[in-house]
Amino acid sequence: MSNNIMADIAALLESKGAGKRMADLFTPADQGAFENRPLSVIIGNPQSSGEPEVTEEVDYHSVKIAVAGAYGREGEERTADKAYTVYRALLLVLDETVNDTLYLSIRAVSSPSHAGFDEHGRTVMEFDVNVMRYRGG
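All the letters of the sequence shown, read from the start, carry residue numbers 527 to 663 under our numbering.
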């Protein structure tokens, strides 16, 4: 069973054709690889969104998805298009096994919204997903 939710979400997005790992899909562990890219999806560190359910052997997490792209009208359009592609891929995922881990539910809880600009001047759009992962043996 994988403990890396971020890498699992990247693998899931790649399997759905929403990007390619280390080309436009990144995790915080890839720091330095995505700063100069024209378009990057950064799958943020998961935050526990509730205590583990012992009787059901599941845990819950919230993950921020950020999409950073070029500045300006064309850059913002490309960034928004990519954000909505990723959003649709994660809108509702049920009973999906990724890297030997069963994800009972991955659900987008907000649509992509403009979050300003990163330190490199790129347009950033963000949204959140809630994850329910099976922790049984």
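Yeah, the Cβ is synthetic: ideal placement off N, Cα and C, and Gly gets one too.
Is DSSP giving residue i helix, strand or coil here?
i, result
"Tyr613", "helix"
"Ser588", "strand"
"Ala634", "strand"
"Asp550", "coil"
"Arg661", "coil"
Report all residues from its chain with a CB closer than 7 Å to the CB of residue i; omit the five preceding and five following residues, and keep chain order.
i, result
"Ala559", "Met548, Phe552"
"Lys590", "Gly570, Glu652, Asp654"
"Gly642", "Val650"
"Arg563", "Asp550"
So which of the options has the shortest CA-CA distance to residue i?
i, options, result
"Asn529", "Pro572, Ile632, Ala544", "Pro572"
"Leu628", "Glu645, Ile568, Glu600, Arg661", "Arg661"
"Val584", "Leu617, Lys608, Leu630, Ala615", "Leu630"
"Gly543", "Tyr586, Ala594, Tyr613", "Tyr613"
"Ser574", "Glu645, Ala606, Tyr610, Ser588", "Ser588"
"Ala594", "Glu540, Pro638, Glu622, Asp621", "Pro638"
"Gly598", "Ala555, Met532, His640", "His640"
Assuming residue i and residue j form a contact by the criterion Cβ under 8 Å, report the distance between their Cβ atoms to the nearest whole angstrom.
i, j, result
"Asn625", "Ala537", "6 Å"
"Val635", "Lys608", "Not a contact, Cβ separation roughly 19 Å."
I'd like the list of long-range same chain contacts for residue i, defined as Cβ closer than 8 Å, with 5 residues on each side in sequence excluded.
i, result
"Asp738", "Past the boundaries of the shown model lies residue 738; the chain is included only from 527 to 663, so the question cannot be answered."
"Leu565", "Asp550, Val593, Ala594, Gly595, Ala596, Arg604, Thr605, Lys608"
"Glu622", "Leu538, Leu628, Tyr629, Ile632"
Using the DSSP secondary-structure output, state which residues sit across from residue i in a beta bridge.
i, result
"Gln573", "Ser588"
"Thr581", "Answer by DSSP bridge pairing: none, since Thr581 is not bridged."
"Glu652", "Ala592, Ser639"
"Leu618", "Arg633"
"Thr623", "Leu628"
Could you pull out every residue in the same chain whose Cβ sits closer than 6 Å to the Cβ of residue i, ignoring the five residues on either side in sequence?
i, result
"Tyr586", "Ser575, Gly576, Met658"
"Thr605", "Val593, Gly595, Thr649, Met651"
"Leu616", "Ile632, Ala634, Val655"
"Gly545", "Leu539, Leu551, Val567"
"Glu602", "Thr649"
Beta-carbon of residue i versus every beta-carbon of chain D: anything under 8 Å?
i, result
"Ala609", "Checking the listed chains, one finds no chain D in this structure; it contains a single protein chain."
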